[in-house]
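In short: position in the sequence shown from 1, add 1165, done, that's the working numbering.
Reading through the structure tokens given below for one structure.
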Amino acid sequence: MSEEITYFDIFQCTSYGIVVTDANGLIRHVNDKSLPILRVDVRQCLGQDIANILPLIGRSAHQCLATGRDIPGHQILGKRARLFLNVTPIIRNGQTIGAICSFQELSIVETWAKKLDSYKTLNRQLETIFEASSDGIWVCDGQGVVISINRASEELNGIRRKDVIGRNIADLVERKAFDQSVTAEVMATGRRQTVMQHVAKTDRHLLVTGTPSIDSTGNIALIVVNERDMTELNILREQFEESRKIGEKYRDELSEMALMELKRNEIVAESNPMRHVLQTALKLAHIGASNILILGESGVGKGLLAKLLHQSSPRNQSPFVEINCAALPENLLEAELFGYEKGAFTGASEKGKVGLFELAQGGTLFLDEIGDMPLALQAKLLKYLDDRNIRRIGGTQSIRVDCSTIAATNRNLPALVQARQFREDLYYRLKSFILEIPPLRERPEDIAGLVRASLQAFNRKYGLNKTIDSGTVRLLMRYAFPGNVRELKNILENAVVLSNSDQVDGFIASSLGDGQGVQAELRGVRERSGQSLSQQLAAAEKSILLEAARTCRTTREMAATLGVSQPSVVRKLRLHGISLQLIQK
1166 MSEEITYFDI
1176 FQCTSYGIVV
1186 TDANGLIRHV
1196 NDKSLPILRV
1206 DVRQCLGQDI
1216 ANILPLIGRS
1226 AHQCLATGRD
1236 IPGHQILGKR
1246 ARLFLNVTPI
1256 IRNGQTIGAI
1266 CSFQELSIVE
1276 TWAKKLDSYK
1286 TLNRQLETIF
1296 EASSDGIWVC
1306 DGQGVVISIN
1316 RASEELNGIR
1326 RKDVIGRNIA
1336 DLVERKAFDQ
1346 SVTAEVMATG
1356 RRQTVMQHVA
1366 KTDRHLLVTG
1376 TPSIDSTGNI
1386 ALIVVNERDM
1396 TELNILREQF
1406 EESRKIGEKY
1416 RDELSEMALM
1426 ELKRNEIVAE
1436 SNPMRHVLQT
1446 ALKLAHIGAS
1456 NILILGESGV
1466 GKGLLAKLLH
1476 QSSPRNQSPF
1486 VEINCAALPE
1496 NLLEAELFGY
1506 EKGAFTGASE
1516 KGKVGLFELA
1526 QGGTLFLDEI
1536 GDMPLALQAK
1546 LLKYLDDRNI
1556 RRIGGTQSIR
1566 VDCSTIAATN
1576 RNLPALVQAR
1586 QFREDLYYRL
1596 KSFILEIPPL
1606 RERPEDIAGL
1616 VRASLQAFNR
1626 KYGLNKTIDS
1636 GTVRLLMRYA
1646 FPGNVRELKN
1656 ILENAVVLSN
1666 SDQVDGFIAS
1676 SLGDGQGVQA
1686 ELRGVRERSG
1696 QSLSQQLAAA
1706 EKSILLEAAR
1716 TCRTTREMAA
1726 TLGVSQPSVV
1736 RKLRLHGISL
1746 QLIQK
């Protein structure tokens, strides 16, 4: 007959370790299975407080006794053992009279869990995500010991996971694997931290973020570290910037190519100074700049440049309105610009009139010969530039107008300001951006292109087929052209229309010779001196500058006398080594 199985037999033979306490937390019972699990003979400690013998288990046991509630399965990571612990209160007649602490080695629990299909599926998913991440990932325990790293971290840091798993992160910092550790920051603060980390071995800069995982007791159980390679991001940003600049360069070059065809080649830019002017103009047009002041002698093409600015700007679908400020008397100019209400003055239209500012709404208003605008109108123009509102003559209501403003003049505005013939505040308001077109004599490289384009245009206009010899083109390149491009076109148009032969060379040579004696004079100078053309031109220019320097007190007066801009005078004085102060002493 078999012996009866007692509760003590069950208590001793269960696969879990069991320690039982009374209501005060004193150890009363310990089963045999607990000894190999705890690696300490707790039976020698009966009657002692469990918190003194087994601190981690004791903390949970006292919590259970104090609340009378279960503490479900959780990990205990001790120096001697790693356990999976459950604590259950012993309740009699509604009173907690003790606690049962049942525990198993964590490795055995993990082995059981790994055999579950749900665990296998979840683990496979997490492992796939962990290894597939392009960012580096580290997982450390609460003490900073490395539990795992992914493949991306191996590449970013130039390490192998087998060499770092199980080592403390502080040891890796000490061995200069990287310059600092976010894990230490997280352990010190208990909060998410981000640092910039440099890895000497791979020379990479990493943006590293450490995030703590807090257990049920409020302690850090795990630290997950995410590494992002800022080196590659910086390279991508630099490549993007480079691509953007290349794109802008190509766009500018395409705009320049389109510019060469503008108005059937009426604008020609073979010389570096003119190319620079047009490149700057295109940049201003692309950004939709307003308050642009175009300077240059009469006939250099200020009007064409103004049209180019409009056609290349975002406003190119809106009107381009042009007015010559020197062509009308003051009262008519005001009426043209700002318009008037019906009955505003004697002779005014019964319907009133819309001004050019309103007509240019959304587009561009080009004020040519702005230096000749009367002072009274200058004040009214300044007000518009300040608040973008106009008022018609005889009107009482302000009208909002949004248009780009381009002004042009061949006069010396600073000299006019000093003479109180031009408002200083308007001058500075207009000159937000300045484009100065050099005179044709300073860019002879453009003459051949202008001759070719103009001759083609006039032949087409008059149904003729006149030609010009290269020697005559060289003759034109030596001519000073005081009337600039306008004069050149007039000479060519006359030659096409009035020349008795298909070759216009003789007509042009006689026109220049009769008008200026250029051909004979240049031949004579060359024969007398044996100098090159550039040397002769430089000597003539220096002589003119010296003569002007003797009669003028300032470079501004010289500019007004010679009909050029003041910056051009300063540049040429410096080029020829002329000191205005020394000459006047």
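Cβ atoms here follow ideal geometry from the backbone N, Cα and C, with glycine treated the same way.
Keep in mind it's a predicted model, so treat the numbers as computed, not measured.
Residue j beta carbon less than 8 Å from that of residue i
i	j	result
SER1181	GLN1269	In the sequence on display, residue 1181 carries Tyr and not Ser. Yes. Within cutoff.
ALA1544	ARG1585	no
ASP1489	ASP1533	In the sequence as displayed, the identity of residue 1489 is Asn instead of Asp. Against a cut-off of 8 Å, the Cβ pair of ASP1533 and ASN1489 comes out as a contact.
ILE1558	TYR1593	no
GLY1520	PHE1531	no
GLY1468	GLU1495	no
ILE1571	GLU1523	no
GLY1527	CYS1568	yes
ILE1385	GLY1307	yes
PRO1604	VAL1735	no
LEU1230	LEU1248	no
LYS1366	ASN1322	yes
VAL1226	GLY1259	With the sequence shown as reference, residue 1226 is identified as Ala, and Val is not the correct amino acid for it. Not in contact: ALA1226 and GLY1259 (Cβ atoms no closer than 8 Å).
ASP1670	ASP1634	yes
GLY1309	MET1352	yes
PHE1176	ILE1183	yes
GLY1301	GLU1407	no
LEU1702	LYS1737	no
Buried or exposed by the 16-neighbour rule on C-beta atoms within 10 Å, applied to residue i
i	result
SER1478	buried
ASP1394	buried
HIS1741	exposed
THR1529	buried
ASP1590	exposed
LEU1203	buried
HIS1441	exposed
SER1733	buried
ALA1685	Low per-residue confidence applies at ALA1685: pLDDT is 47, beneath 50, and the placement is therefore not dependable enough to give any value.
ASN1315	buried
PHE1485	buried
ILE1170	exposed
CYS1178	exposed
ALA1423	Residue placement at ALA1423 is flagged as unreliable, the pLDDT there being 47, under the threshold of 50; the coordinate-derived value follows with that caveat. With fewer than 16 Cβ atoms within 10 Å of its Cβ, ALA1423 is classed as exposed.
LEU1474	buried
TRP1277	exposed
GLN1213	exposed
ALA1525	buried
TYR1186	Before going further, note that residue 1186 is Thr rather than Tyr in the sequence given. It is buried - the Cβ of THR1186 has at least 16 other Cβ atoms within 10 Å.
Given residue i as reference, the closest of the options once Cα atoms are compared
i	options	result
ASN1437	GLU1610, GLU1523, GLU1406, ILE1564	GLU1610
ALA1766	ASN1575, ASP1328, THR1179, ILE1555	Look at the range of the chain in this structure, 1166 to 1750, and you will see that residue 1766 is not part of it.
ILE1673	SER1455, ALA1703, GLU1320, VAL1638	VAL1638
GLY1238	ALA1188, GLU1607, SER1381, ASP1197	SER1381
VAL1252	ILE1236, THR1719, GLN1404, GLY1383	ILE1236
ALA1317	GLN1308, TYR1172, SER1299, ARG1325	SER1299
LEU1653	ASN1630, LYS1341, VAL1735, ARG1606	ARG1606
GLN1731	LEU1581, ALA1246, ASN1655	LEU1581
ARG1651	SER1619, PHE1405, LEU1677	SER1619
message: For the pair the segment 1640 to 1656 and the segment 1447 to 1460, tell me if three or more CB-CB distances fall below 8 Å.
response: Flag = no, the segment 1640 to 1656 and the segment 1447 to 1460 do not touch.
Touching or not, the segment 1595 to 1604 and the segment 1439 to 1452, by the rule of three or more beta carbon pairs under 8 Å?
yes
Note to self: Is it the case that the segment 1617 to 1636 contacts the segment 1569 to 1578, given that we only count it when at least three CB pairs across the two stretches are under 8 Å?
What the structure shows: no
Quick one: any contact between the segment 1218 to 1226 and the segment 1358 to 1365, if contact means 3 or more CB pairs under 8 Å? no
- Task: Would you mind listing the beta strand (DSSP E) stretches within the segment 1176 to 1258 that are 3+ residues and don't spill past its ends, in chain order?
- Result: Counting whole runs of 3 or more residues, the segment 1176 to 1258 contains the beta strand (DSSP E) stretches 1182 to 1187, 1192 to 1195, 1236 to 1242, 1247 to 1257.
- request: Just list the alpha helix (DSSP H) runs in the segment 1569 to 1617, keeping only unbroken ones of 4 residues or longer that don't cross its boundaries, in chain order.
  value: The DSSP assignment places complete alpha helix (DSSP H) segments of no fewer than 4 residues inside the segment 1569 to 1617 at 1578 to 1583, 1589 to 1595, in order along the chain.
Margin query: Could you check whether the segment 1372 to 1380 touches the segment 1285 to 1294, counting it as contact only if at least three pairs of C-beta atoms, one from each stretch, sit closer than 8 Å?
Written below: Taking a cut-off of 8 Å on C-beta distances, the segment 1372 to 1380 does not touch the segment 1285 to 1294, as fewer than three cross pairs fall below it.
In chain order, what are the residue ranges of uninterrupted beta strand (DSSP E) at least 3 long that sit wholly in the segment 1517 to 1550?
1529 to 1533
Taking only runs that begin and end inside the segment 1336 to 1364, name each unbroken beta strand (DSSP E) of 3 or more residues, in chain order. 1358 to 1364
Inset, instruction - Could you pull out every unbroken alpha helix (DSSP H) segment of at least 4 residues lying fully inside the segment 1443 to 1510, listed in chain order? - result: 1467 to 1476, 1495 to 1503
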